[in-house]
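Here the structure is laid out as structure tokens; the discussion comes afterwards.
4 protein chains.
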Amino acid sequence: MKELRFPLVALNLKVYGEALGEGALRLSKVAEKVAEEFDVGILVAPPLLSLKTIAETVEIPVFSQHVDPYSPGGHTGSVLAEDIKEAGAQGSLLNHSEKRMLLADIGAALDRLRRNGLKSILCTDTVETTRAGAALGPDIIAIEPPELIGTGIPVSKAKPEVVVGAVEAVRRINPGVRVLCGAGISSGDDVAKAIELGAEGVLLASAYVRAREPERVLSEMAEKAVKAWEKRP
Amino acid sequence: MKELRFPLVALNLKVYGEALGEGALRLSKVAEKVAEEFDVGILVAPPLLSLKTIAETVEIPVFSQHVDPYSPGGHTGSVLAEDIKEAGAQGSLLNHSEKRMLLADIGAALDRLRRNGLKSILCTDTVETTRAGAALGPDIIAIEPPELIGTGIPVSKAKPEVVVGAVEAVRRINPGVRVLCGAGISSGDDVAKAIELGAEGVLLASAYVRAREPERVLSEMAEKAVKAWEKRP
Amino acid sequence: MKELRFPLVALNLKVYGEALGEGALRLSKVAEKVAEEFDVGILVAPPLLSLKTIAETVEIPVFSQHVDPYSPGGHTGSVLAEDIKEAGAQGSLLNHSEKRMLLADIGAALDRLRRNGLKSILCTDTVETTRAGAALGPDIIAIEPPELIGTGIPVSKAKPEVVVGAVEAVRRINPGVRVLCGAGISSGDDVAKAIELGAEGVLLASAYVRAREPERVLSEMAEKAVKAWEKRP
Amino acid sequence: MKELRFPLVALNLKVYGEALGEGALRLSKVAEKVAEEFDVGILVAPPLLSLKTIAETVEIPVFSQHVDPYSPGGHTGSVLAEDIKEAGAQGSLLNHSEKRMLLADIGAALDRLRRNGLKSILCTDTVETTRAGAALGPDIIAIEPPELIGTGIPVSKAKPEVVVGAVEAVRRINPGVRVLCGAGISSGDDVAKAIELGAEGVLLASAYVRAREPERVLSEMAEKAVKAWEKRP
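Residue numbers (the numbering used here), protein chains in the order written: chain H, 188 to 420; chain F, 188 to 420; chain B, 188 to 420; chain U, 188 to 420.
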């Protein structure tokens with residue numbers, strides 16, 4: 188099932204050595220298997236050069252890690268919404284802390300995604316920029332305080348007020364937008380905590396990609412995500 | 188009087204040949220004179236290297252053309268809010284179409300301005316990004332469709348719906364934020380039209396800086412701005 | 188034959204509508220056919236998302252349109268040398284005028300390509316930056332005065348002194364580096380002229396990608412390239 | 188004396204809190220005093236907003252921390268060579284590791300400086316990019332391995348081979364270019380060591396700007412620089 192489902196565990200494979208070539212395929216198949224087993228939303232964002240292969244192979248949503256704000260034309264080295272669609276993917280991350288975008292380009296890139304029937308996960312860094320992001324109307328916002336990315340210190344525990352603040356800000360500005368939280372998410376408990384704080388899922392990378400046993404880690408997250416989701420008011 | 192007043196004619200001197208060195212001083216003094224004569228708000232944003240001199244000389248608000256998102260530290264070649272304040276200026280433009288910024292940096296730069304008691308004019312390009320900009324809470328938003336900048340085709344006439352849309356969007360998201368419009372503003376009529384559409388002033392550059400008779404041009408704008416302002420409902 | 192051969196016609200498919208998805212495949216197969224027929228060097232640089240598919244399909248050199256300066260790791264949305272190699276491609280363009288890079292990043296990206304056994308085509312814009320580029324030791328430099336890109340006015344005719352100057356500069360600084368010229372190359376005559384001026388081939392995009400009859404255009408270029416090559420002193 | 192002299196101690200004041208407003212003036216006057224006392228070359232690069240004031244006050248060379256590649260025109264927030272000259276300064280740093288530039292822009296910015304009779308200090312990070320930088324013909328290259336900037340671990344001791352390699356590379360490519368080294372330079376001994384390795388001076392920032400006794404630190408550097416300079420073969 189290629190549609191987005193919530194709670195959602197969004198897996199950004201980045202370009203870790205473990206995620207290149209065959210690695211992307213292996214990690215995406217594990218994600219697909221866990222999604223089926225636990226009946227939970229899981230999406231993968233593989234390296235750009237593997238996007239097409241992964242999108243053709245797995246039955247979960249596949250996202251690009253980045254999208255440029257252009258229409259087809261003379262834009263050497265760019266990633267277009269048209270081409271993401273053509274590759275069979277369902278949408279794109281944009282403005283990740285490792286690939287920040289100009290405000291004007293975020294606006295244009297979201298427009299390009301929409302016109303191509305694709306979904307968007309817009310990354311933001313603070314409650315303030317989350318508010319701005321919500322005003323741009325992406326499908327999903329993933330708030331990630333950059334100072335916690337890759338640390339193993341989960342935002343949901345270290346900065347719960349940022350998650351709660353983001354959820355509230357989005358609700359006020361544009362209640363149709365879903366909120367994920369990211370940065371430091373490493374365990375099922377971190378995921379559960381995120382959902383308790385009002386997020387509808389998480390965005391994570393190294394804790395899955397670089398795990399010794401990715402399937403075990405993801406299964407635990409999926410299981411706890413479902414349980415936390417059921418307890419929501 | 189160094190405080191912001193409305194209607195406001197904001198003059199971006201850019202780095203036109205006419206605005207370097209003595210030129211910045213001359214153009215800023217003309218602006219000061221017209222502001223007094225017509226009892227209207229006028230501000231100047233001179234080239235960075237003239238900011239201090241101009242701020243020390245004229246009795247109208249002086250703005251930087253850009254501000255970086257950093258605190259004092261190791262940031263070679265940057266323009267800090269602390270230094271803008273130290274120079275005696277009142278605030279800064281940011282995210283001009285010729286100096287676009289990352290969303291994350293806009294959020295941080297606005298924060299830096301606020302903490303230093305400085306005012307902000309955030310430039311945006313579409314109704315969408317204006318909405319996002321308003322959510323970030325600058326003092327003023329200046330909407331400028333980039334395709335009209337420098338053309339002499341005024342946004343207030345060519346794309347009135349953009350001005351109206353921006354005004355409405357801001358009112359809904361963050362009514363404390365003032366709206367200017369820019370791009371192609373060349374005459375008093377363009378200014379009047381902008382105010383009729385709901386803007387509280389204009390942001391312009393070449394029509395003033397490169398005019399044969401800058402004082403005549405600005406006087407006409409000031410006069411018509413005041414008249415249009417009085418007729419506002 | 189996946190090795191680089193000279194004279195070389197390097198085809199940058201950019202992200203023109205004609206070059207997305209199936210288009211990239213079609214245009215790459217035509218290039219392969221012409222390369223065989225005329226026994227001339229032709230390479231294609233397809234859109235990033237098609238790189239792997241094209242590299243797996245055609246028997247001519249396939250290049251990425253861009254490469255980032257990073258090693259595998261946390262670099263969301265980046266294109267790594269490791270992944271270009273994994274995809275089966277032979278090298279990468281870098282610093283195209285539509286994807287300019289920092290000097291420091293060009294140095295690092297060339298290093299990444301070398302360590303992965305990949306070839307490089309470094310784009311430059313003037314004789315000066317060609318000299319700098321040559322000092323960095325790429326395999327090939329493609330000089331393209333940006334003001335002529337996409338115009339149909341060939342650099343080999345409009346600015347022969349730039350081509351000659353680039354060839355001489357490279358010879359003096361780093362004679363192992365090959366020189367292509369680009370910008371406005373539209374016909375077999377333009378290609379022949381480039382070779383007469385000392386270039387060892389051309390880099391082109393729209394004249395091939397957007398041609399009504401790409402095969403005819405490319406065949407004519409290949410034919411004239413070979414003839415001009417034979418006449419070289 | 189506003190002309191460049193060697194050995195040269197180039198002081199980048201960055202935008203440290205100690206270097207804003209009056210701080211820039213104080214630190215520049217100390218530099219002027221030490222330059223006279225020890226009869227040695229010292230230059231200061233103050234924050235942009237203080238450039239004019241400093242250039243009008245001290246009798247040593249004053250440099251901008253950055254220069255953009257543009258001619259006068261519509262380039263909001265840019266720093267032009269024309270304006271640096273107008274401010275009375277003698278030249279500019281460019282491509283500092285905290286303000287990296289595109290290769291194409293470095294070429295154009297150097298051209299802008301030259302046409303305005305200004306001097307250039309081009310920062311580079313490796314022997315490779317130093318070679319490329321030398322080919323662009325700046326007046327001075329300052330090689331600074333970025334990983335050592337601000338650490339207090341001097342490049343002249345930690346990576347002598349980088350300094351030697353840079354000096355040799357420049358000599359081979361463009362012997363008219365002078366070489367400074369930077370990063371971690373904290374004491375007179377570091378300066379002496381740099382000169383022994385073939386550099387004609389140093390570029391430093393925090394060790395001077397943030398020193399408890401800047402005059403003492405700089406005097407010691409000046410003294411040891413002169414001694415090392417006299418011993419040169």
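We put the beta carbon where it would ideally sit given N, CA and C, even for glycine. Just so we're clear, the structure is a prediction, and the values are computed from it rather than from any experiment.
Nearest-angstrom Cβ-Cβ length linking residue i and residue j, presumed shorter than 8 Å
{"i": "U/G320", "j": "U/T313", "result": "About 10 Å; that fails the 8 Å criterion."}
{"i": "B/N282", "j": "U/L267", "result": "Not a contact, Cβ separation roughly 24 Å."}
{"i": "U/I328", "j": "U/V357", "result": "6 Å"}
{"i": "F/P325", "j": "F/L297", "result": "6 Å"}
{"i": "F/G371", "j": "F/T317", "result": "Their Cβ separation, rounded to whole angstroms, is 17 Å, which puts F/G371 and F/T317 out of contact at 8 Å."}
{"i": "F/L300", "j": "F/V254", "result": "6 Å"}
{"i": "F/G278", "j": "F/L323", "result": "Not confirmed; about 15 Å, so no contact."}
{"i": "B/T244", "j": "B/S215", "result": "7 Å"}
Close-in-space but distant-in-sequence residues of the same chain around residue i (CB under 8 Å, 5 per side omitted)
{"i": "H/P234", "result": "L200, K201, V202, A206, L207, A211, Q252"}
{"i": "B/A379", "result": "K411, A412, K414, A415"}
{"i": "B/L384", "result": "S343, P347, V350, V351, V354, C368"}
{"i": "B/K220", "result": "E402"}
{"i": "H/R302", "result": "A268"}
Candidates the options: closest to residue i by CA position
{"i": "B/I382", "options": "B/I327, B/W416, B/L230, B/E315", "result": "B/W416"}
{"i": "H/F225", "options": "H/P420, H/K418, H/R419, H/V413", "result": "H/V413"}
{"i": "U/V227", "options": "U/P332, U/E246, U/A242, U/H262", "result": "U/E246"}
{"i": "U/V365", "options": "U/E407, U/G375, U/V351", "result": "Note on identity: in this sequence residue 365 of chain U is Arg, with Val being the wrong assignment. Out of U/E407, U/G375, U/V351, U/V351 has the C-alpha closest to the C-alpha of U/R365."}
{"i": "U/A271", "options": "U/E285, U/A379, U/P256", "result": "This sequence places Ile at residue 271 of chain U; Ala is not what is there. The candidate whose alpha carbon is nearest that of U/I271 is U/P256."}
{"i": "U/A222", "options": "U/G204, U/K239, U/K286, U/L191", "result": "U/L191"}
{"i": "F/G260", "options": "U/R399, U/T244, U/S393, U/R403", "result": "U/S393"}
{"i": "B/G375", "options": "B/R399, B/V354, B/G385, B/K411", "result": "B/K411"}
{"i": "B/I241", "options": "B/V217, B/I330, B/G264, B/S258", "result": "B/V217"}
{"i": "F/G204", "options": "U/T263, U/E400, U/L230, U/E331", "result": "U/T263"}
{"i": "H/I229", "options": "H/S373, H/P347, H/L390, H/R403", "result": "H/L390"}
{"i": "H/A197", "options": "H/S307, H/E348, H/K418, H/R287", "result": "H/S307"}
{"i": "B/E331", "options": "B/L236, B/R302, B/R287", "result": "B/R287"}
{"i": "U/V396", "options": "U/R213, U/P194, U/F193", "result": "U/R213"}
{"i": "F/S258", "options": "F/V404, F/D292, F/A345", "result": "F/D292"}
Contacts around residue i, its chain only, beta-carbon distance under 6 Å, and the 5 residues preceding and following it disregarded
{"i": "H/P362", "result": "none"}
{"i": "F/D377", "result": "P341, S343"}
{"i": "F/E402", "result": "V217"}
{"i": "B/E407", "result": "G375"}
{"i": "F/A409", "result": "V221, F225, V227"}
Classification of residue i by the beta-carbon crowding that lies within 10 angstroms, buried from 16 upward
{"i": "H/E269", "result": "buried"}
{"i": "F/G388", "result": "buried"}
{"i": "U/G369", "result": "buried"}
{"i": "H/E273", "result": "buried"}
{"i": "B/E285", "result": "buried"}
{"i": "F/K189", "result": "exposed"}
{"i": "F/P420", "result": "exposed"}
{"i": "U/G304", "result": "exposed"}
{"i": "F/E418", "result": "Strictly speaking, residue 418 of chain F in this sequence is Lys, with Glu absent from that position. Exposed is the call here."}
{"i": "B/E209", "result": "exposed"}
{"i": "F/E400", "result": "exposed"}
Close beta carbons around residue i, own chain, < 7 Å, minus the five adjacent residues each side
{"i": "U/A276", "result": "L238, A242, V249, F250, S251"}
{"i": "U/S373", "result": "G339, P341, A394"}
### Query
What are the residues of the region 272-294 of chain B that lie near chain U, defined by any Cβ-Cβ distance shorter than 9 Å?
Going along the region 272-294 of chain B in chain order, one finds N282, S284, R287, M288, L289, L290, A291, D292, I293, G294 with a Cβ nearer than 9 Å to chain U.
### Under 7 Å (Cβ pairs) to chain B, residues found in the region 301-319 of chain U
For the region 301-319 of chain U, the beta-carbon criterion of a distance under 7 Å to any beta-carbon of chain B is satisfied by D312, T313, E315, T316, R318, A319.
### Message
Give me the subset of the region 194-208 of chain B whose CB atoms are less than 7 Å from a CB atom of chain H, sorted by chain position.
### Response
Taking 7 Å as the Cβ-Cβ cut-off against chain H, the residues of the region 194-208 of chain B that qualify are N199, K201, V202, Y203, G204, L207, G208.
### Interface residues of the region 343-360 of chain F facing chain H [CB-CB below 9 Å]
The residues in question are A356, I360.
### Message
What are the residues in the region 231-247 of chain H lying within 9 Å of chain B by C-beta distance?
### Response
Answer set for the region 231-247 of chain H: A232, P234, L235, L236, S237, L238, K239, T240.
#### Entry: Interface positions of the region 254-272 of chain U facing chain F (Cβ-Cβ less than 8 Å), listed along the chain
Flagged, chain order: Y257, P259, G260, G261, H262, T263, G264, S265, V266, L267, E269, D270, I271.
### Contacting positions in the region 375-409 of chain H - beta carbon closer than 9 Å to chain B
Taking 9 Å as the Cβ-Cβ cut-off against chain B, the residues of the region 375-409 of chain H that qualify are A392, S393.
### Message
At a CB distance below 7 Å, what residues from the region 329-340 of chain U approach chain F? Give them in sequence order.
### Response
Listed by position, the residues of the region 329-340 of chain U near chain F (Cβ gap below 7 Å) are G337.
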